[in-house]
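According to our numbering, the sequence shown holds residues 93 to 362 in order. For glycine and all other residues, C-beta sits at the position ideal for the given N, C-alpha and C. Data first, discussion second: the structure below is written as C-alpha cells.
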Amino acid sequence: MVETSGIEMLPSGKLAICGRRGNVYVLSDPFGPPDRIQWTLYAEGLHEPLNLAFTDGWLYCTQRGELTRMKDLDGDDRADVFETVNDGWGITGDYHEYAFGTRPDPNGDMWIVLCLTGSFSSQIDYRGWCVRVSKEGELIPTSSGIRSPGGIGLNHLGEAPFSPTTRVRGTALARSSRSRTARSRATPGVFAGTTPAAAKASMGKRPTEPKTNSRWVAERPKIPELVPSAIVFPHGKLGQLDQRFRLRQQWQVWPVQKNNCSCGPDLLRG
Numbered sequence: 093m094v095e096t097s098g099i100e101m102l103p104s105g106k107l108a109i110c111g112r113r114g115n116v117y118v119l120s121d122p123f124g125p126p127d128r129i130q131w132t133l134y135a136e137g138l139h140e141p142l143n144l145a146f147t148d149g150w151l152y153c154t155q156r157g158e159l160t161r162m163k164d165l166d167g168d169d170r171a172d173v174f175e176t177v178n179d180g181w182g183i184t185g186d187y188h189e190y191a192f193g194t195r196p197d198p199n200g201d202m203w204i205v206l207c208l209t210g211s212f213s214s215q216i217d218y219r220g221w222c223v224r225v226s227k228e229g230e231l232i233p234t235s236s237g238i239r240s241p242g243g244i245g246l247n248h249l250g251e252a253p254f255s256p257t258t259r260v261r262g263t264a265l266a267r268s269s270r271s272r273t274a275r276s277r278a279t280p281g282v283f284a285g286t287t288p289a290a291a292k293a294s295m296g297k298r299p300t301e302p303k304t305n306s307r308w309v310a311e312r313p314k315i316p317e318l319v320p321s322a323i324v325f326p327h328g329k330l331g332q333l334d335q336r337f338r339l340r341q342q343w344q345v346w347p348v349q350k351n352n353c354s355c356g357p358d359l360l361r362g
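Spelled out as C-alpha cells, the structure:
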C-alpha cells in the first residue's frame, strides 16, 4: 500500500507520486488504461515524504526532517543523485511532527508548515512554524503559532494559505478553515494563535498570547500580528480535516475570477 501523500506531473508526461512509507514512484502513461501503467521505484528510504515538486530539473521532496532534491541522470526513472537542500528545523522522533510543503513561489521559495511535537508542545526548533526555503537553500522563519496544519498551497496573490486542524482540541484557529501566512519576504510573519508554537526568545520577539477563553474580535485589537482565518467552512458539512489546495484559474464561480480548490478526506470543493 502506497498511502499516497504527494503527486507531481513530470515534463516527460510521467507522474511522480510519494507515499508516507518512504517510497517515490514514477508512473509511465498515467492516464492510459490501467494495464499499461508501469510503476518504477524512483527512490526509497525517505522519512514520511508529504510533498513533491519538480523544478529546474530536480524533483524536490519535503520529508519530515528536511527538504531533499533528487535527479535521474540516465533516464531509467530512478534517482541517481540525492541532495539535502535544507534541514534547519528539528525533529524529536514524535509521531506528530509532520512537514507539509509547496511548489516554488515566484521568488523561488518553497513554503513548509511544521506540526507541533505531540500535538501541543514545541520541544525543538520551529515546531508550530511556517518556514520558507530559498532556492539557495536558506531557511527563512516566516510565521508562528500553528498547531496542526493539514496542508499548504500558493495562491495568485503570492500568499501561502494553510489548513489548520486546531478546533479539534480547542486551540485558537478554527478547524475546517483556511488561514494565511506572511504574504512575501518583506511582510513580517503573522501569529496564528497557538501559544505553544509562539516564537521563543532566541527567535525574536514573542507575540502577545491571546487569552484562553476570549474571542477573536476581542483579542485582535491587542495583538496586531494575530491573523484570523481567511475562510471558515461549515464544520462537519464541508469537511472536517481539509488538506492542501490548488489555484484553478480556468474555473469561474461568479463573481470570483480565480478560485482555490480545497480537498479533504470526504469531498472536493472550490
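Give the secondary structure of residue i by DSSP, where H, G and I count as helix, E and B as strand, and everything else as coil.
i      : result
Arg170 : coil
Ala310 : helix
Leu102 : coil
Ala293 : Residue placement at Ala293 is flagged as unreliable, the pLDDT there being 49, under the threshold of 50; a coordinate-derived value is accordingly withheld.
Arg239 : coil
Arg128 : helix
Phe146 : strand
Ala108 : strand
Cys207 : coil
Asn178 : strand
Lys163 : strand
Gly185 : coil
Thr300 : coil
Pro233 : strand
Tyr190 : coil
Ile315 : coil
Ile216 : coil
Phe123 : coil
Rounded to whole angstroms, how far is the Cβ of residue i from the Cβ of residue j, which I believe are closer than 8 Å?
i      : j      : result
Ser193 : Trp203 : Note on residue identity: the sequence assigns Gly, not Ser, to residue 193. With a Cβ gap of about 7 Å, Gly193 and Trp203 count as contacting.
Thr96  : Gly111 : 5 Å
Leu107 : Leu119 : 4 Å
Val205 : Ile244 : 5 Å
Ile99  : Leu142 : Wrong, their Cβ atoms sit about 11 Å apart, outside the cutoff.
Asp197 : Ile232 : Between Ile232 and Asp197 the Cβ distance is about 11 Å, and since that is not below 8 Å, they are no contact.
Hey, would you say residue i sits closer than 8 Å to residue j, going by beta carbons?
i      : j      : result
Asp172 : Lys163 : yes
Pro241 : Asn247 : no
Thr209 : Thr184 : yes
Gly285 : Pro302 : yes
Roughly how many angstroms lie between the CA atoms of residue i and residue j, to the nearest whole one?
i      : j      : result
Thr176 : Thr300 : 35 Å
Glu230 : Gly167 : 30 Å
Ala135 : Val116 : 5 Å
Asp186 : Gln215 : 10 Å
Val319 : Arg156 : 26 Å
Gly114 : Tyr190 : 13 Å
Arg277 : Leu159 : Note that Arg277 scores 37 on pLDDT, short of 50, meaning its location in the model is unreliable; the coordinates nonetheless yield the value given after this. Approximately 19 Å, taken between the alpha carbons.
Arg224 : Val94  : 28 Å
Ile323 : Arg128 : 42 Å
Pro122 : Trp308 : 46 Å
Arg298 : Pro316 : 12 Å
Gln130 : Gly124 : 10 Å
Glu311 : Pro103 : 48 Å
Asp179 : Cys207 : 15 Å
Phe174 : Leu165 : 11 Å
Ser255 : Ser321 : 9 Å
Segment contact flag, the region 212 to 225 with the region 234 to 247, C-beta cutoff 8 Å, min 3 pairs: Contact annotation: the region 212 to 225 touches the region 234 to 247, with at least three C-beta pairs closer than 8 Å.
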